[in-house]
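Going down the list, the sequences are from chains F and W.
Per my numbering, the first sequence starts with residue 15, numbered consecutively.
Per my numbering, the second sequence starts with residue 6, numbered consecutively.
What follows is a short report on a single structure.
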Amino acid sequence: GAVVSQHPSWVICKSGTSVKIECRSLDFQATTMFWYRQFPKQSLMLMATSNEGSKATYEQGVEKDKFLINHASLTLSTLTVTSAHPEDSSFYICSAKTGSRYSYEQYFGPGTRLTVT
Amino acid sequence: GENVEQHPSTLSVQEGDSAVIKCTYSDSASNYFPWYKQELGKGPQLIIDIRSNVGEKKDQRIAVTLNKTAKHFSLHITETQPEDSAVYFCAASPGFGNEKLTFGTGTRLTIIP
Numbered sequence: 015g016a017v018v019s020q021h022p023s024w025v026i027c028k029s030g031t032s033v034k035i036e037c038r039s040l041d042f043q044a045t046t047m048f049w050y051r052q053f054p055k056q057s058l059m060l061m062a063t064s065n066e067g068s069k070a071t072y073e074q075g076v077e078k079d080k081f082l083i084n085h086a087s088l089t090l091s092t093l094t095v096t097s098a099h100p101e102d103s104s105f106y107i108c109s110a111k112t113g114s115r116y117s118y119e120q121y122f123g124p125g126t127r128l129t130v131t
Numbered sequence: 006g007e008n009v010e011q012h013p014s015t016l017s018v019q020e021g022d023s024a025v026i027k028c029t030y031s032d033s034a035s036n037y038f039p040w041y042k043q044e045l046g047k048g049p050q051l052i053i054d055i056r057s058n059v060g061e062k063k064d065q066r067i068a069v070t071l072n073k074t075a076k077h078f079s080l081h082i083t084e085t086q087p088e089d090s091a092v093y094f095c096a097a098s099p100g101f102g103n104e105k106l107t108f109g110t111g112t113r114l115t116i117i118p
């Protein structure tokens, strides 16, 4: 149980183009999903928190117009990197949790490696 | 905001021996402390967690201890095996109502056969 998938697992795009990453909770309803970015040999940095049907809450320093997050259903959240540049190359990871007030666990997806050329 | 420090950054242990990774946190409002294992090119996997109303939790070869007064918590892995080699992250969050996780900097654990 508690499986989170991401698609694609890796993507290469040209500078200036946009790329969409999907995050799905496969066997539970995720009222809250989180998006992280991880640079090589570094820790995970939270980018934004999204609740189903609401606008995402972005962390300080994360450009909301560049990283568009949509959480349209209880099983799907998407991250769109708009006008991507080489510095956006990173490992993007989502996590999801249920809405239970007794459950704090976050379940992570396998990550998406984005390379911008 | 919360700040989580993790030590050591690298740890090499002989197979069969124990490994201990320590974390300290700054925000006394934190109540939830998970540990994640991340293998190369993969997402983090929750291996054990503890809440502030518990001092210790064990799951087979893995245990976590929490000292809320001192604001530190530790991961203990006994009888280490080669498949334990990975990067381990600690994290902290206030829990319900504010579930944002703040991660430590990670520990690269290498088990020497």
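Glycine included, every Cβ here is placed at the ideal spot set by N, Cα and C.
- W/Tyr30 and W/Ala97 do touch by the CB rule: their CB atoms are close to 5 Å apart, below 8 Å.
- Of the other Cβ atoms in all chains shown, fewer than 16 fall within 10 Å of the Cβ of F/Val17; this residue is therefore exposed.
- Note on F/Ile26: under 16 other CB atoms within 10 angstroms of its CB, so exposed under the neighbour-count rule.
- Cβ neighbours of W/His81 within its own chain (closer than 6 Å, five residues either side excluded): Val25 and Ala68.
- Interface criterion not met: the Cβ of W/Lys42 is under 7 Å from no Cβ in chain F.
- Apart from the 5 residues on each side of it in sequence, F/Ser23 sits with its Cβ closer than 8 Å to the Cβ of Pro124, Gly125, Thr126 and Arg127 in its chain, given in chain order.
- For F/Leu60, the C-beta contacts it makes with chain W under 9 Å involve Lys105, Leu106, Thr107 and Phe108, in order along the chain.
- At a cut-off of 7 Å between C-beta atoms, W/Lys73 does not count as an interface residue with respect to chain F.
- At a cut-off of 7 Å between beta carbons, W/Tyr30 makes no contact with chain F.
- Taking F/Lys78 as the centre and dropping the five residues before and after it, the same chain places the C-beta of Tyr72 closer than 6 Å to its C-beta, in chain order.
- With 16 or more neighbouring CB atoms inside 10 Å of its own CB, F/His85 falls in the buried class.
- Counting of Cβ neighbours within 10 angstroms places W/Arg56 among the exposed residues, the total staying below 16.
- By the neighbour-count definition (other C-beta atoms within 10 Å, threshold 16), W/Ala75 is an exposed residue.
- Under a 10 Å Cβ-count criterion, W/Val59 is classified as exposed, with fewer than 16 other Cβ atoms of the shown protein chains found around its own Cβ.
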